[in-house]
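If you're matching them up, the sequences are chains A and B in order.
Under my numbering, the residues of the first sequence are numbered 1 to 575, in order.
Under my numbering, the residues of the second sequence are numbered 1 to 157, in order.
We treat Cβ as the ideally placed atom computed from N, Cα and C, and that holds for glycine.
Please read the structure below before turning to the comments.
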Amino acid sequence: MNLSRREFLQLLAAASAAGFGLPGCDKKGATTGAPSDPYELPPFGNVSFLHFTDCHAQLLPVYFREPNINIGVGGALGKAPHLVGDAFLKHFDIAPGTRDAHAFSFLDFEAAARRYGKVGGFAHFKTLIDTVRAQRPGALLLDGGDTWQGSGTALWTKGQDMVDACKMLGVDIMTGHWEFTQGAERVLEIVENDLKGHIDFVAQNVVDNTFEERIFEPYTMKEMNGVPIAVIGQAFPYTPIANPRYMFPEWSFGIRDEAMQEVVDEVRGKGAQVVIVLSHNGMDVDLKMASRVSGIDAIMGGHTHDGMPTPTVVENTGGKTLVINSGSNAKFLSVLDLDVKDGKVSDYRFKMLPVFSNLLEPHAGMAAYIDKVRAPYLGKLNEELATTDSVLYRRGNFNGTYDQVILDAMREVRGADIAFSPGFRWGTSLLPGDPITMDSLLTQTAITYPKSTLNEMSGETIKVILEDIADNLYHPDPYYQQGGDMVRIGGMRYSIDINGTIGNRIGDMQLLNGETIDAGRTYLVAGWASVQEQPDELPDIWDVVAEYMRDAKLIRVDEPNLPKIKGAKGNPGIA
Amino acid sequence: MTMKRRTFLKGTLAGGALTVAAGSGLLKPTDVLAAAWPKGAFDAKSEADAVNAYFGTSSASDNPAIKVKAPIQAENGAVVPVTVEAGVDGVESIAILVEKNPAPFATSVDLSGTAAGLYKTRIKMGKTSKVTAYVKAGGKLHTASSTVKVTVGGCGG
């Protein structure tokens, strides 16, 4: 049903676009018809990689609403991944109203979520991975990172629940981003002990900041069905800027694409016939890197949580590179099959499988493990703080309904004029009528630097901060983008010109009562997730929001506070 | 003033190429002594004035043989790693200036004729700015620059 003839033809189209030949599979494949099992995926070639990324420690099935605002500017306008809703479906030729349309877009979210059920869950994911792998002997499972953060249990076990879950899942190679917010010492402890002999943690772009020597192995080389392959790691380049640097003070990151080229050349020199980059760059950075570095067959990426049904093919001086990004929350599994002949990739097939929990029998061993690891914390996790009367979600360039609740809570509980909530892209969704448990609230807030802050800021400072963050989101050069969304703002309205430059994107700043924000006046601003160290006595954000929710009992957010968006007319990244 | 001196000494001692250069007698001894402290350059409030105070001229020409390697975004504005590779012969001195710093003159080094023109150091930056290397070689002043963004950060995906 899901791997339809249409999709198969689409794969063929993508394959031709990539300039690969299609020896021996065109006629036979096209007449296969629609398999009865949506997860039936005929094997192809002799080298296979399975990829997931940004699961954010979601061991149990979740709802996850894809964004309705994901605007691309400059060269990214109208191109993947900056397409939403109908434009997305049209671009990728997905029929509206289908299971795939629900998986990949926000359209009709509530009704479709009720019809098709939850997504992900490691027990269901394990079943799918085992099935796909059984048909692909030797296939490697790659985890793009943001795995040890995003839940109460990942926070309280310092990532241990996810480390053990990933070993059970069969992950072979990983890279990182939020992993680093467990602190340098903890990361090294896991890498050198738990992962040793099980999972290779690779990152070519993390070095010590005195001698610039690498902290992790830059790549791993293996043989798959007689073919030497290399997987190079690329951690999130802006970790010390986007997250607290004091947690890994000796480490320096960066894109380091010249060093990437050297590593690619090195592994090619050592005989690698397939070179994959396991990336946490974010898709826009992946696309630019693919154009500047040659010799990579595919970048399998994450960070920006873009779930792309087909790869983007990028030309560079060495040929062509596939850029694949595999969404978030264990909602998708990407399967890349390569046919390697005469020392190089001659053809490929790619399929991104949405993980619908209702269609997959949970793996008994993994289910038992998840129960066990959550058991000591169930009392806290299962507390029902309130009920929601609205769809609660986070993802989107400017705000989500769940963020709006966090903003409202900060203003009310902390007594602030204005509230800021970071533009994280993780955080799961709830449907109207669902209880809001502490478990759910922690999917929005569980970080190792959770202090709720209250500061006096001048109107001028607020403007500078908004301009700075907007520049990280809408700089036309992807290498200046950090891959987060805009800071969410409560208690204040503003406008944003997405085509502006730093210093002139933000305007019309006013309080909700219409009073203009005065550059010289001081406002009380609440926030959380500051990258500066904060005093212990400050409350944790989840306690602030929990207090607000317990008090409110019923949460209703019809529309989050959004800025007036200028310059986006006709942009297919907004719906 | 003490801060600047410390930065200067730190930069001087931190550069691997420089340490080697000093050890092999390539540096003129006075360069690492306070006697050679380029006060006028450090006190100047504009880039042109600082260059003029240090080199005796502010007339410089862009040279693609000079490479300024710096991060496009600083991880920590207090210690931004910068490497100058001066691919020209007869390098006499290298200075690094940060246009938008209150005192743009960041650091400098004088070399004798046989030293390779490689200077690796860390500089302090208050905000996003052009970072420019001025290289005096063969009696002429060559220049190249790179922009480093200094951001407040804090909102990663």
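Where the alpha helix (DSSP H) through residue 404 of chain A begins and ends: Here the question's residue 404 of chain A lines up with position 404 in the first sequence. Counting along the chain, the alpha helix (DSSP H) containing residue 404 of chain A begins and ends at 401-414.
Test: residue 72 of chain B CB closer than 8 Å to a CB of chain A: Position 72 of the second sequence holds residue 72 of chain B. So, interface residue.
Cutoff 8 Å: residue 152 of chain B Cβ touching any chain A Cβ: Residue 152 of chain B sits at position 152 when you count from the first residue of the second sequence. Yes, residue 152 of chain B counts as interfacial toward chain A.
Short Cβ contact (8 Å threshold) for residue 227 of chain A with residue 297 of chain A: Within the first sequence, residue 227 of chain A is the residue found at index 227, counting from 1. Within the first sequence, residue 297 of chain A is the residue found at index 297, counting from 1. No.
Chain A within 8 Å of residue 76 of chain B, Cβ atoms only: Here residue 76 of chain B refers to the residue found at position 76 when the second sequence is read from its first residue. Judged by the 8 Å Cβ criterion, residue 76 of chain B is in contact with chain A.
Proximal residues of chain A, C-beta to C-beta of residue 149 of chain B below 7 Å: Residue 149 of chain B sits at position 149 when you count from the first residue of the second sequence. Going along chain A in sequence order, the residues near residue 149 of chain B (Cβ under 7 Å) are 480.
Below-8 Å beta-carbon distance, residue 122 of chain A vs any chain B residue: Here residue 122 of chain A is taken as the residue at index 122 of the first sequence, counted from 1. False, the Cβ-Cβ gap to chain B never drops below 8 Å.
Pick from A:409, A:426, A:532 that is closest to residue 146 of chain A, judged by C-alpha positions: Taking the first residue of the first sequence as 1, we reach residue 146 of chain A at position 146. The candidate whose alpha carbon is nearest that of residue 146 of chain A is A:426.
contact_flag[the segment 72-81 of chain B, the segment 233-247 of chain A] where n(CB pairs < 8 Å) is 3 or more: As far as the Cβ criterion goes, the segment 72-81 of chain B touches the segment 233-247 of chain A, which means the pair count is three or higher.
Environment of residue 421 of chain A [buried if 16+ CB atoms lie within 10 Å]: If you number the first sequence from 1, residue 421 of chain A lands on position 421. Residue 421 of chain A is buried by the Cβ-count criterion.
Pair within 8 Å by beta-carbon distance, residue 528 of chain A and residue 517 of chain A: On the first sequence, position 528 is the one that residue 528 of chain A refers to. On the first sequence, position 517 is the one that residue 517 of chain A refers to. No; because the gap between Cβ atoms is not below 8 Å, this pair is not in contact.
Spatial neighbours of residue 55 of chain B in its chain, beta-carbon cut-off 7 Å, leaving aside the 5 residues before and after: Indexing the second sequence from 1 puts residue 55 of chain B at position 55. Contacts found: 134, 136, 141.
N- and C-terminal bounds of the alpha helix (DSSP H) containing residue 469 of chain A: Within the first sequence, the letter at position 469 stands for residue 469 of chain A. According to the DSSP assignment, residue 469 of chain A belongs to the alpha helix (DSSP H) that extends over 459-474.
Chain B contact residues for residue 252 of chain A, given Cβ-Cβ distances below 8 Å: As a working mapping, residue 252 of chain A is identified with position 252 in the first sequence. Residues of chain B whose Cβ lies closer than 8 Å to the Cβ of residue 252 of chain A are, in chain order, 75, 81.
Own chain, CB closer than 6 Å to residue 552 of chain A, minus 5 neighbours either side, in chain order: Translated into the one-based positions of the first sequence, residue 552 of chain A becomes position 552. In the same chain as residue 552 of chain A, and ignoring 5 residues on each side of it, the C-beta atoms closer than 6 Å to its own belong to 386, in chain order.
DSSP three-state assignment for residue 453 of chain A, whether helix, strand or coil: Translated into positions along the first sequence, residue 453 of chain A becomes position 453. The answer is strand: DSSP assigns residue 453 of chain A an E or B state.
Residue environment, residue 245 of chain A, which counts as buried when at least 16 other CB atoms sit within 10 Å: Position 245 of the first sequence, counting from 1, holds the residue named residue 245 of chain A. Residue 245 of chain A is buried by the Cβ-count criterion.
Which listed residue (A:380, A:39, A:48) has its alpha carbon closest to that of residue 338 of chain A: Mapped onto the first sequence, residue 338 of chain A falls at position 338. Selected option, being the one with the closest Cα: A:48.
Residue from A:416, A:477, A:404 with nearest C-alpha to residue 441 of chain A: Counting from 1 along the first sequence, the entry for residue 441 of chain A is found at position 441. When each option's Cα is compared against that of residue 441 of chain A, the closest is A:404.
Whole-angstrom distance between residue 68 of chain B and residue 436 of chain A, CA atom to CA atom: Taking the first residue of the first sequence as 1, we reach residue 436 of chain A at position 436. Taking the first residue of the second sequence as 1, we reach residue 68 of chain B at position 68. One C-alpha to the other measures close to 53 Å.
Reduced DSSP category for residue 565 of chain A - H, G, I as helix; E, B as strand; rest coil: Within the first sequence, residue 565 of chain A is the residue found at index 565, counting from 1. Residue state, collapsed to three classes: strand.
8 Å contact criterion, which residue 447 of chain A and residue 181 of chain A should meet: CB distance rounded: Position 447 of the first sequence, counted from the start, is the residue given in the question as residue 447 of chain A. Position 181 of the first sequence, counted from the start, is the residue given in the question as residue 181 of chain A. About 6 Å separates the two Cβ atoms, so the contact holds.
Classification of residue 59 of chain B by the beta-carbon crowding that lies within 10 angstroms, buried from 16 upward: On the second sequence, residue 59 of chain B is found 59 positions in, with the first residue counted as 1. Counting the other CB atoms within 10 Å of its CB gives residue 59 of chain B a total below 16, which places it among the exposed residues.
Residue 351 of chain A burial status per 10 Å Cβ neighbour count (16 or more: buried): As a working mapping, residue 351 of chain A is identified with position 351 in the first sequence. Buried.
Chain B within 8 Å of residue 561 of chain A, Cβ atoms only: Indexing the first sequence from 1 puts residue 561 of chain A at position 561. Not an interface residue.
Residue 142 of chain B (DSSP reduced to helix, strand or coil): What you label residue 142 of chain B is simply residue 142 of the second sequence in a count that begins at 1. Three-state result, residue 142 of chain B: strand.
Contact set for residue 115 of chain A: own chain, Cβ-Cβ below 8 Å, skip 5 residues either direction: In the first sequence, the residue the question calls residue 115 of chain A occupies position 115. Excluding its 5 nearest sequence neighbours in each direction, residue 115 of chain A has C-beta neighbours in its own chain below 8 Å: 102, listed in chain order.
Residue 435 of chain A - containing beta strand (DSSP E), residue span: Numbered from its first residue, the first sequence carries residue 435 of chain A at position 435. 435-437 is the span of the beta strand (DSSP E), which, as asked, contains residue 435 of chain A.
Residue 309 of chain A, DSSP secondary structure in three states: Counting from one through the first sequence, the residue named residue 309 of chain A turns up at place 309. In the structure shown, residue 309 of chain A adopts coil according to DSSP, grouped into three states.
8 Å Cβ cutoff, residue 436 of chain A in contact with chain B: The residue given as residue 436 of chain A occupies position 436 in the first sequence. Look at residue 436 of chain A: its C-beta is not under 8 Å from any C-beta on chain B.
Residue 89 of chain B to residue 220 of chain A span [Cα, whole Å]: As a position in the second sequence, residue 89 of chain B is number 89, starting the count at 1. As a position in the first sequence, residue 220 of chain A is number 220, starting the count at 1. Straight-line measurement puts the Cα of residue 220 of chain A at about 41 Å from the Cα of residue 89 of chain B.
Contact test: residue 484 of chain A Cβ vs the ligand FMN heavy atom, cutoff 7 Å: Among the ligands in the structure shown, none appear at all, so the ligand FMN cannot be discussed.
Residue 146 of chain B versus residue 97 of chain B: straight-line alpha-carbon distance, rounded: By one-based count along the second sequence, residue 146 of chain B stands at place 146. By one-based count along the second sequence, residue 97 of chain B stands at place 97. Taking the straight line joining both Cα atoms gives about 11 Å.
Sequence-distant residues of the same chain with beta carbon closer than 8 Å to residue 210 of chain A, five excluded per side: Sequence index remark: in the first sequence, residue 210 of chain A carries index 210 (1-based). In its chain, beyond the 5 residues on either side, 250 have a beta carbon closer than 8 Å to the beta carbon of residue 210 of chain A.
First and last residue of the uninterrupted alpha helix (DSSP H) at residue 116 of chain A: Here residue 116 of chain A is taken as the residue at index 116 of the first sequence, counted from 1. Membership of residue 116 of chain A in the alpha helix (DSSP H) is indicated by the continuous run 109-116.
Same chain only: Cβ atoms within 6 Å of residue 81 of chain B, ignoring 5 sequence neighbours per side: Within the second sequence, the letter at position 81 stands for residue 81 of chain B. Leaving aside the five residues that flank residue 81 of chain B on each side, the residues in its chain whose CB is nearer than 6 Å to its CB run, in chain order, 122.
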